[in-house]
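**Student:** Take a look at this one; I'll ask things after.
2 protein chains.
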Amino acid sequence: MSWIDQFPGLSRLPDGIRSYLVGESKIVTVPANTVIFGPGKSPENLLLLLDGTVRVQQTSDTGREIVLYRVHAGESCVLTTACLLAYEDYSAEGIAETETRAVAIPRKVFDKLVSDSIEFRQFVFTAYSKRITDLFMVIEEIAFQKLDIRLAHKLIELAGGEETVAATHQKLAVELGTAREVISRQLQEFQRRGWIEQSRGTIRLIERAPLEKLAQS
Amino acid sequence: MSWIDQFPGLSRLPDGIRSYLVGESKIVTVPANTVIFGPGKSPENLLLLLDGTVRVQQTSDTGREIVLYRVHAGESCVLTTACLLAYEDYSAEGIAETETRAVAIPRKVFDKLVSDSIEFRQFVFTAYSKRITDLFMVIEEIAFQKLDIRLAHKLIELAGGEETVAATHQKLAVELGTAREVISRQLQEFQRRGWIEQSRGTIRLIERAPLEKLAQS
DNA sequence: TGCGCTTCAGTGACGAAGTCACCAAACATC
DNA sequence: GATGTTTGGTGACTTCGTCACTGAAGCGCA
Chain A
20 MSWIDQFPGL SRLPDGIRSY LVGESKIVTV PANTVIFGPG KSPENLLLLL
70 DGTVRVQQTS DTGREIVLYR VHAGESCVLT TACLLAYEDY SAEGIAETET
120 RAVAIPRKVF DKLVSDSIEF RQFVFTAYSK RITDLFMVIE EIAFQKLDIR
170 LAHKLIELAG GEETVAATHQ KLAVELGTAR EVISRQLQEF QRRGWIEQSR
220 GTIRLIERAP LEKLAQS
Chain B
20 MSWIDQFPGL SRLPDGIRSY LVGESKIVTV PANTVIFGPG KSPENLLLLL
70 DGTVRVQQTS DTGREIVLYR VHAGESCVLT TACLLAYEDY SAEGIAETET
120 RAVAIPRKVF DKLVSDSIEF RQFVFTAYSK RITDLFMVIE EIAFQKLDIR
170 LAHKLIELAG GEETVAATHQ KLAVELGTAR EVISRQLQEF QRRGWIEQSR
220 GTIRLIERAP LEKLAQS
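Those protein sequences? They're chains A and B, same order as listed.
My numbering numbers the first residue of the first sequence as 20 and each following residue consecutively.
My numbering numbers the first residue of the second sequence as 20 and each following residue consecutively.
Here's what the structure looks like:
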């Protein structure tokens, strides 16, 4: 079984293309917290993530940060390549959040695949679309949504199935592109209502129902 | 002379590709204020703008709006196609701001061109990159920049070489994704400082220098 | 010319969010 | 245990967004 099977969009590649792709790309592993791309550091490869997640975020000159989106296992890092491929000086950076395994496809191979395979083209354009809608959603959120709603949403997302979220107030602030104090105060309000309990670096969700209700209002 | 010469990125297309593109696409004209794409209205063609501008904006459920970016003459509407091509239900819409002439490339032709021509591929991916960096910049602005700075910036941009800007406070609010009252107050402050003069529907820039200084601080 | 209608802009009060400066626990380490 | 670093808490203040109005400017039309 090849890594290709981890990517639904690539499963229908014809055999020739498929073996070409497998032959010409290689698997790389990067440790946690590696900066994969960023100002002045453009990747020469298209990355397909096998394991781990990559966080893409932006830093303002005033030092505040915001998480734009994440690339998860089974997804590709198209924007990365495209952005840096053509346009230049902005400060977004991609960071491996955990140890990350990925398939690296050299630019030339990428180009040939786009040229030769309609399936690969579809894979690429679909990935683009997804990222762009992600960005649209980020814009809608920061421009129009109230912070308590966004925070509730983020807590549930980060918790996943777990009961607790391991994150400092500062990290949550970066997730939402706001200031640490704002998060602190909002979490206190949640705590006052008995929805969460806090301890240094972790948040325990006690009453999930009202949080979820708030999140989708 | 063909319309192709209006697109620098396409000038290097080989003759065969070039004539194929010209032959298979057609020129369309839409009147001002036409909704070119939007919720439930996805375009079957890739558009290359010959004349006019298309404004892409998003509306929140609470009724507030924000302008995401504009497509100008000589640019292509790639995101449009890609987004709606694959991903579904979000509320961005594209509106012709003026009467607009554009070249419409059917999806099949688009696909064949991407397959056959490295120049066309480069054109497409470059256009993508530009849009995405635009979106990154929008996010950075709304998340981190103060409103007076953004407004000063927008006024100068809208003025162009002219002395006056023809826009209502409401329009400016949509440009910046904020509320009308906020714009009104900020413009009053500019007026108080003697930088602008206002009359119904127009703003006259009197002191450009301090506005520009504020805009890039 | 005067009457209504619509669109645009101004205002005050208030709540929500961001900023600044500073303090106090909790943890890490030596 | 002394010390330094992270993390979180707090108050004062500014900016921004919201709501509910008011009033003025332009337009159509009898």
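Backbone N, C-alpha and C define an ideal beta-carbon position, used for all residues, glycine too.
Since the model is a prediction, treat every value here as computed from it, not as a measurement.
Reducing DSSP to helix, strand and coil, say where Asp77/A ends up.
**Tutor:** It is Gln, not Asp, that sits at residue 77/A in the sequence shown. In this structure, Gln77/A counts as strand in the three-state DSSP scheme.
**Student:** Among Asn64/B, Arg169/B, Val75/B, Val90/B, which has the Cα closest to the Cα of Phe129/B?
**Tutor:** Asn64/B
**Student:** Measuring alpha carbon to alpha carbon, tell me which of Ala115/B, Gly196/B, Leu98/B ends up nearest Phe142/B.
**Tutor:** For the set Ala115/B, Gly196/B, Leu98/B, the Cα lying nearest the Cα of Phe142/B is the one of Leu98/B.
**Student:** Strictly by DSSP, which residues pair up with Ser218/B?
**Tutor:** Thr221/B
**Student:** I'd like the span of the alpha helix (DSSP H) that includes Lys173/A, first residue to last.
**Tutor:** Boundaries of the alpha helix (DSSP H) around Lys173/A: 166-178.
**Student:** Look up Thr99/A in the DSSP assignment and say whether it is helix, strand or coil.
**Tutor:** helix
**Student:** I'd like the span of the alpha helix (DSSP H) that includes Pro229/B, first residue to last.
**Tutor:** 227-234
**Student:** Closer than 8 Å, CB to CB, is Asp24/B near chain A or not?
**Tutor:** no
**Student:** Between the region 48-57 of chain A and the region 112-125 of chain A, do at least 3 Cβ pairs fall closer than 8 Å?
**Tutor:** yes
**Student:** Flag Lys236/B as yes if its beta-carbon sits less than 8 Å from any beta-carbon of chain A, otherwise no.
**Tutor:** Note that residue 236/B is Ser in the sequence shown, not Lys. Judged by the 8 Å Cβ criterion, Ser236/B is not in contact with chain A.
**Student:** Closest by CA to Val86/A, which one among Ser136/A, Leu66/A, Glu94/A, Thr72/A?
**Tutor:** Thr72/A
**Student:** Measuring alpha carbon to alpha carbon, tell me which of Leu174/B, Val133/B, Pro229/B ends up nearest Thr187/B.
**Tutor:** Leu174/B
**Student:** How many angstroms separate the CA atom of Arg89/A from the CA atom of Ser61/B?
**Tutor:** C-alpha separation (whole angstroms): 27 Å.
**Student:** Let me check one thing: in DSSP terms, what residues is Glu84/B bridge-paired to?
**Tutor:** Thr78/B
**Student:** Under a CB-based cut-off of 8 Å, is Asp130/B close to chain A?
**Tutor:** With 8 Å as the cut-off, Asp130/B counts as an interface residue toward chain A.
**Student:** Identify the continuous beta strand (DSSP E) that holds Ala92/A and give its terminal residues.
**Tutor:** If you look at Ala92/A, you'll find it isn't in any beta strand (DSSP E); DSSP assigns it neither H nor E.
**Student:** Checking 8 Å against the spacing of the C-beta atoms, do Leu170/B and Gln210/B come in under that value?
**Tutor:** No.
**Student:** Please classify Phe56/B: does DSSP put it in a helix, a strand, or coil?
**Tutor:** strand
**Student:** Is the Cβ of Leu191/B closer than 8 Å to any Cβ of chain A?
**Tutor:** no
**Student:** Between which residues of its own chain and Ala178/B is the CB-CB distance below 7 Å, once the five residues before and five after are set aside?
**Tutor:** Val184, Leu224
**Student:** If the cut is a Cβ gap below 8 Å, which residues of chain B does Ile161/A touch?
**Tutor:** What Ile161/A touches in chain B: Ile158, Ile161, Ala162.
**Student:** Using the beta-carbon of each residue, which ones in chain A are nearer than 8 Å to Ala111/B?
**Tutor:** Phe155
**Student:** Restricting to Cα atoms, I'd like to know which of Lys45/B, Phe139/B, Thr78/B, Asp80/B is closest to Leu68/B.
**Tutor:** If we check each option's Cα against that of Leu68/B, Lys45/B comes out closest.
**Student:** Got a sec, what are the start and stop residues for the alpha helix (DSSP H) Asp130/A sits in?
**Tutor:** 126-135
**Student:** Using 8 Å as the threshold, is the C-beta distance between Leu233/B and Asp167/B below it?
**Tutor:** Result yes, Cβ atoms of Leu233/B and Asp167/B sit closer than 8 Å.
**Student:** Please say whether Ser110/A and Pro33/A have beta carbons closer to each other than 8 Å?
**Tutor:** no
**Student:** Say yes only if the C-beta of Thr100/A is nearer than 7 Å to one or more non-hydrogen atoms of the ligand MG, and no if none qualify.
**Tutor:** With respect to the ligand MG, the structure offers nothing, as it holds no ligand at all.
**Student:** Compute the distance between the beta-carbons of Gly196/A and Ala198/B, then report whether it is under 8 Å.
**Tutor:** Taking 8 Å as the Cβ cut-off, Gly196/A and Ala198/B do not qualify as a contacting pair.
**Student:** State the start and end residues of the unbroken beta strand (DSSP E) segment that holds Leu65/B.
**Tutor:** 64-70
**Student:** Pull the bridge partners of Lys45/A from the DSSP assignment, please.
**Tutor:** Ala123/A
**Student:** Quick one, which of Ala192/B, Arg219/B, His172/B, Val75/B has its alpha-carbon nearest Ala228/B's?
**Tutor:** His172/B
**Student:** Would a C-beta distance cut-off of 8 Å place Leu66/A and Leu132/A closer than the cut-off?
**Tutor:** Result no, Cβ atoms of Leu66/A and Leu132/A do not sit closer than 8 Å.
**Student:** Just to confirm, are Gly93/A and Phe26/A a CB contact at a threshold of 8 Å?
**Tutor:** yes
**Student:** Since Ala192/A is in the beta strand (DSSP E), which residue starts that stretch and which ends it?
**Tutor:** Unbroken run through Ala192/A is the alpha helix (DSSP H), 188-195; no beta strand (DSSP E).
**Student:** Check whether chain A comes within 8 Å of Ser61/B, counting only Cβ atoms and requiring the distance to be less than that.
**Tutor:** no
**Student:** Tell me which same chain residues have a C-beta within less than 7 Å of the C-beta of Arg37/A, skipping the five on either side of it?
**Tutor:** When the five nearest sequence neighbours on each side are left out, the beta carbons in the same chain lying within less than 7 Å of the beta carbon of Arg37/A are those of Ile23, in order along the chain.
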